[in-house]
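Asks: If you scroll down you'll find the structure; I have some questions about it.
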Amino acid sequence: MKASIQLRLGQNLTMTPQLQQAIKLLQLSTLELQQEIQEALESNLMLEVEEDNRAEELPAPEEKQPEATTEVAPEEQDIQNNTETIPEELPVDTNWEDQYDIPATRTQSAGSEEQTDYLARESHTETLQDYLHWQLNLTPFSEEDRAIATALIDGISPDGYLHAPLEEIIADLDDEEVGMEEVLTVLHRIQHFDPPGIAARDPQECLLLQLEQLPADEDTKRRAEKLLKDHFDLLTSGNEPRIRKLLRLTAEQVQAVFDLIRSLNPHPGSSISPANTRYVEPDVFVEKKNGRWVVSLNPQAMPRLRVNPEYASLVKRADNSSDNTILKDHLQEARWFLKSLQGRNQTLLKVATRIVEVQQAFFDQGEEAMKPLILKDVAEAVEMHESTISRITTGKYMHTPKGVLEFKYFFSSHINTDSGDQASAVAIRACIRKIILAENPKKPLSDNKVATMLANDGFKIARRTVAKYREAMAIPPSNERKRLV
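For the sequence shown, the positions run 0 to 484 when numbering that gives the first Met the number 0 is used.
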């Protein structure tokens, strides 16, 4: 081994702290951005929330300050433009002045409709077990029966069923004096808890339990009980002629029985412990004004920030003391942060505007008019890298007349048509849903038949693709749709 010194020329790409910060802000959702801003306010004394009209707003693009964006020079220059010109033939407009007119507080006045405070939060929902234990505490039980009831409740799944075998529950109690008869007695009492049908061991028992507690026409209720007890297999297969023959009922009487059974809930637990609802705060608003779609930033999304002029005035250029160095560092970091926020807002608005341009037909006509769109299409239109578009569209939402929709919702793959054009997968799913909703409930359409009907409309799509889209929309297959009649 011989030590030596060599001189090499090369180029390395290094991400500056400003660039890292800009990329980070691009990826944050509105709630995460608000938290990031709050942390910046707490850690940087140069930053403050603007509370009056005299405050210094986010740095204007013409100010000569270090850039902190994720794009190369030509794209950076494009992002810095204050306005975006949209062709007149496209009825889309962008409310660019809203970029910086962001109020200092997110407090919403009672009478305002346009600036609703969409506070994002996750709702805390009481679990099914909590609800059942609460009822247990209100019900008189002996100490031994209460222990059995607790074990039974703990064995109930979120859908409301008791899937655990009773033998296992008895074994877990570790009490030799507890027998099957006693457990069944306690189970019967729990099965009369709310919601109706709780602690059933199979769908048949679940529906029968609900039927027992349901006030209904005595004849119809009696027929429904007989159908559930003696001919449950015919009910699941939807064999109406066979049911009419066995029960000696007219078509109207069978329909009344079906209507009664259909009113029952096969998943009783879902009514008590639904999945936590996640509320989101939109990043942009999309409205139609004077025949043009207007895209504007949500003024409630984040506070209006500025550099504190009093602290900034304390910075002395020629002073190299430790205190002055700290002030200078904080001032520079504050300017970088504000510049990164500005770049994020402008990029967000550019991308949202392009999405609305492409999907105008969706806003006017609905899902069936959705056009195919991929990240690359938007990246080329706004002259940014595809990775930037991916970051800015993840976890971002727009408030539209169709509801609050994620940016990603507007992106879908292309499907060829007979005319040589391309259709959006979202539009195809909407067509499938429309066809199934219009089908004869007594003769549901198979996936093959749906594919044929789509082909007649010019959409080339395989049966397995129809099945995939149908399952994605939680629509059961034809044989299961029939038994719901």
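Ideal placement from N, C-alpha and C gives every residue a C-beta, glycine not left out. In this text the structure is predicted, and so the values were computed from the model without any measurement.
1) Going straight from the alpha carbon of Glu55 to that of Ile391, what length do you get?
2) Closest to Lys349 by C-alpha separation, out of Leu326, Glu382, Ala255, Ile242, would be which residue?
3) Around the Cβ of Trp335, are there at least 16 other Cβ atoms within 10 angstroms (buried) or fewer (exposed)?
4) Touch check for the stretch 151–170 and the stretch 178–189: three-plus C-beta pairs under 8 Å?
5) What are the boundary residues of the alpha helix (DSSP H) that Leu186 is part of?
6) In the DSSP assignment, find the unbroken alpha helix (DSSP H) run with His132 in it and report its ends.
7) How close, in whole Å, do the beta carbons of Leu210 and Glu224 come, if the pair is a contact with beta carbons under 8 Å?
8) Quick test of your reading: Gln358 and Met369, contact by CB under 8 Å. State the CB separation rounded to the nearest angstrom.
9) Note down, one range per segment and in chain order, each alpha helix (DSSP H) of at least 4 residues found wholly within the stretch 224–278.
10) Alpha carbon to alpha carbon, how far is Lys287 from Glu356?
11) Is the beta carbon of Gly159 sitting closer than 8 Å to the one on Pro214?
12) Taking all protein chains shown into account, do 16 or more other C-beta atoms lie within 10 angstroms of the C-beta of Met45, making it buried, or fewer, making it exposed?
13) Give me, in chain order, the residues of the same chain whose beta-carbon lies closer than 6 Å to that of Arg241; leave out the 5 immediate sequence neighbours on both sides.
14) Given a cut-off of 8 Å, decide if Pro267 and Cys205 are closer than it, judged by their beta-carbon atoms.
15) When DSSP labels each residue in this structure, what does Val283 get in the three-state scheme?
16) Do Leu207 and Ala198 have their CB atoms nearer than 8 Å?
17) Which word fits Ala333, buried or exposed, when buried means at least 16 other C-beta atoms lie within 10 angstroms of its C-beta?
18) Use the C-beta contact count for Ala461: other C-beta atoms within 10 angstroms, 16 or more gives buried, fewer gives exposed.
19) Would you kindly report the start and end of the unbroken beta strand (DSSP E) that includes Ala422?
20) With DSSP collapsed to three states, give me the class of Lys401.
21) Do you know how far the Cα of Thr235 is from the Cα of Pro475?
22) Of all the alpha helix (DSSP H) runs that stay within the bounds of the stretch 404–469, which reach a length of 4 or more residues?
23) Taking Cβ positions, are Ser440 and Ser477 nearer each other than 8 Å?
24) Skipping 5 residues on each side, what residues in its chain have a beta carbon closer than 8 Å to that of Asp174?
25) Report the start-end ranges of each alpha helix (DSSP H) in the stretch 279–367 that is 4 residues or longer and not cut off at the edges.
26) Would you tell me roughly how many angstroms separate the C-alpha atoms of Glu366 and Val425, rounded to the nearest one?
27) Which value, in whole angstroms, describes the spacing of the CA atoms of Arg316 and Leu337?
28) Which residues in the same chain as Leu135 place their Cβ atom closer than 6 Å to its Cβ, once the five residues preceding and following it in sequence are excluded?
29) What would DSSP say about Ile147, mapped onto helix, strand or coil?
30) Determine the contact status of Gln421 and Ile414, defining contact as a CB-CB distance below 8 Å.
31) Please go through the same chain and pick out, in chain order, the residues whose beta-carbon is closer than 7 Å to the beta-carbon of Pro371, but skip the five residues on each side of it.
32) Got a sec, what are the start and stop residues for the beta strand (DSSP E) Leu46 sits in?
33) Roughly how many whole angstroms lie between the Cα atoms of Ile325 and Leu40?
34) Would you kindly work out how many angstroms separate the C-alpha atoms of Gln19 and Asp201, rounded to a whole number?
35) Would you kindly work out how many angstroms separate the C-alpha atoms of Gln203 and Phe231, rounded to a whole number?
36) Roughly how many angstroms lie between the CA atoms of Asn297 and Leu436, to the nearest whole one?
Replies: The answer reads as follows:
1) Confidence is the limiting factor: at Glu55 the pLDDT is only 44, short of 50, which leaves the residue's position unreliable and the question unanswerable from this model.
2) Taking Lys349 as reference, the option from Leu326, Glu382, Ala255, Ile242 with the minimal CA-CA separation is Glu382.
3) Trp335 sits buried, since 16 or more C-beta atoms from the chains shown fall within 10 Å of its C-beta.
4) Look at the beta carbons and you see the stretch 151–170 touching the stretch 178–189: at least three pairs across the two are nearer than 8 Å.
5) 179–189 is the span of the alpha helix (DSSP H), which, as asked, contains Leu186.
6) Start and end: 127–136.
7) At roughly 6 Å, the Cβ-Cβ gap stays under 8 Å, so Leu210 and Glu224 are in contact.
8) About 6 Å separates the two Cβ atoms, so the contact holds.
9) Within the stretch 224–278, the complete alpha helix (DSSP H) runs of at least 4 residues are 231–236, 239–246, 250–261.
10) The C-alpha of Glu356 is placed about 12 Å away from the C-alpha of Lys287.
11) No.
12) Classification of Met45: buried, given that the 10 Å Cβ count is 16 or more.
13) Counting only Cβ-Cβ distances below 6 Å, and skipping sequence neighbours, we find Leu233.
14) Remark: C-beta atoms of Cys205 and Pro267 approach each other more closely than 8 Å.
15) In this structure, Val283 counts as strand in the three-state DSSP scheme.
16) No; because the gap between Cβ atoms is not below 8 Å, this pair is not in contact.
17) Of the other Cβ atoms in all chains shown, 16 or more fall within 10 Å of the Cβ of Ala333; this residue is therefore buried.
18) Exposed, since its Cβ has fewer than 16 Cβ neighbours within 10 Å.
19) Counting along the chain, the beta strand (DSSP E) containing Ala422 begins and ends at 421–423.
20) The answer is coil: DSSP assigns Lys401 none of H, G, I, E or B.
21) Taking the CA atoms as reference points, Pro475 sits about 13 Å from Thr235.
22) Segments of the alpha helix (DSSP H) lying fully in the stretch 404–469: 424–436, 446–455.
23) Position check: residue 440 holds Pro in this sequence, whereas Ser was assumed. Cβ distance not < 8 Å, so Pro440 and Ser477 don't count as in contact.
24) Here the set comprises Glu143, Ala146.
25) Segments of the alpha helix (DSSP H) lying fully in the stretch 279–367: 308–311, 321–357, 359–364.
26) Spanning the two alpha carbons is a distance of roughly 7 Å.
27) Looking at the two C-alpha atoms, the distance is approximately 21 Å.
28) Ala148, listed in sequence order.
29) Ile147: helix per DSSP, three-state reduction.
30) A contact, by the Cβ cut-off of 8 Å.
31) Taken in chain order, the residues that qualify are Ser411, Ser412, His413, Gln421, Ala422, Ser423.
32) It spans 46–48 - the beta strand (DSSP E) in which Leu46 sits, taken as one unbroken run.
33) Straight-line measurement puts the Cα of Leu40 at about 16 Å from the Cα of Ile325.
34) Their Cα atoms are separated by approximately 55 Å.
35) In a straight line, the C-alpha of Gln203 is about 7 Å away from that of Phe231.
36) Straight-line Cα distance between these residues: approximately 36 Å.
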